[in-house]
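Worksheet for the structure shown next.
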Amino acid sequence: SNYKKLMFFLSLILSSGSIAIQLFLLASPLVQRYCYKGNSNLAHIFVPGSVKTEANIKQAAARKINALVKNARDVHGDTNEASASFGQGLINFSLQENNVEKAGGFLWTWKRIFNGELSTVEGVWISARIWAGNLAQVLISLFIIVFGVVRT
Numbered sequence: 348s349n350y351k352k353l354m355f356f357l358s359l360i361l362s363s364g365s366i367a368i369q370l371f372l373l374a375s376p377l378v379q380r381y382c383y384k385g386n387s388n389l390a391h392i393f394v395p396g397s398v399k400t401e402a403n404i405k406q407a408a409a410r411k412i413n414a415l416v417k418n419a420r421d422v423h424g425d426t427n428e429a430s431a432s433f434g435q436g437l438i439n440f441s442l443q444e445n446n447v448e449k450a451g452g453f454l455w456t457w458k459r460i461f462n463g464e465l466s467t468v469e470g471v472w473i474s475a476r477i478w479a480g481n482l483a484q485v486l487i488s489l490f491i492i493v494f495g496v497v498r499t
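Convert by adding 347 to the 1-based position in the sequence shown; the result is the number in the working numbering.
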């Protein structure tokens, strides 16, 4: 019947995709080690996601430390210890109070998730468990809404 043919081809496509993914994961360490010497485009494809995430977090940490040092130099200035005082630091701090960066909020967060800045700039990594839980909540909510509309 047509249903059996459809299920056969669908299972064939899904199993072929699963085998291809497993072969890719099996071959990626060998490709990383032997094949791409100096070719960064090929290396980027075969690097695991955890390595990329760790690099993004380190990049964000370096950015934040540089910003912290820059802010400290702006507040305290490039003066020597003899002319520096606590009062001058407070005055400089009050002059810098308008230099703010907007952060947070629903749309701000999702925009940064999609363009990758949440991990590269902010250093926030969202684990796979949170993504799976979030997806499950959305799917269950959609099921309840659709089933509720059909049922009533």
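Cβ atoms here follow ideal geometry from the backbone N, Cα and C, with glycine treated the same way.
None of the values given here were measured: they were computed from a predicted structure.
Put S441 into one of helix, strand or coil per three-state DSSP. On the sequence shown, position 94 is the one that residue 441 refers to. Correct three-state label for S441: helix.
Could you work out which residue in N462, A408, R410 and I438 is closest to V422 when comparing CA atoms only? Counting from 1 along the sequence shown, the entry for residue 422 is found at position 75. Selected option, being the one with the closest Cα: I438.
Confirm, please, whether the CB-CB distance from T400 to W478 is below 8 Å. By one-based count along the sequence shown, residue 478 stands at place 131. By one-based count along the sequence shown, residue 400 stands at place 53. Against a cut-off of 8 Å, the Cβ pair of T400 and W478 comes out as no contact.
Cβ atoms of A407 and S466: under 8 Å apart, would you say? Against the sequence shown, residue 466 aligns to sequence position 119. Against the sequence shown, residue 407 aligns to sequence position 60. Taking 8 Å as the Cβ cut-off, S466 and A407 qualify as a contacting pair.
Please return the same chain residues whose Cβ sits closer than 7 Å to the Cβ of K351, not counting the five positions on each side in sequence. Here residue 351 refers to the residue found at position 4 of the sequence shown. Answer for K351: no residue qualifies.
How close, in whole Å, do the beta carbons of I368 and G470 come, if the pair is a contact with beta carbons under 8 Å? In the sequence shown, counting from the first residue as 1, residue 368 sits at position 21. In the sequence shown, counting from the first residue as 1, residue 470 sits at position 123. The pair is not a contact, with the Cβ atoms about 29 Å apart (cut-off 8 Å).
Measuring only the C-alpha atoms, how far is L442 from R410? Numbered from 1 along the sequence shown, position 95 holds the residue referred to as residue 442. Numbered from 1 along the sequence shown, position 63 holds the residue referred to as residue 410. Going by the C-alpha atoms only, they are around 23 Å apart.
Once you ignore the five residues that flank K417 on each side, which residues in its own chain have a CB closer than 8 Å to its CB? Walking along the sequence shown from the start, residue 417 turns up at place 70. Closer than 8 Å at the Cβ level, and outside the excluded window around K417, lies no residue.
First and last residue of the alpha helix (DSSP H) that includes A450? For the purposes of this step, residue 450 is taken as residue 103 along the sequence shown, with counting starting at 1. Unbroken run through A450: none, as it is neither H nor E.
Rounded C-alpha distance that separates K458 from L489: Counting from 1 along the sequence shown, the entry for residue 458 is found at position 111. Counting from 1 along the sequence shown, the entry for residue 489 is found at position 142. Going from the Cα of K458 to the Cα of L489 covers about 23 Å.
In three-state terms, what does DSSP make of S299? Since the first residue shown for the chain is 348 and the last is 499, residue 299 is missing from the structure and cannot be characterised.
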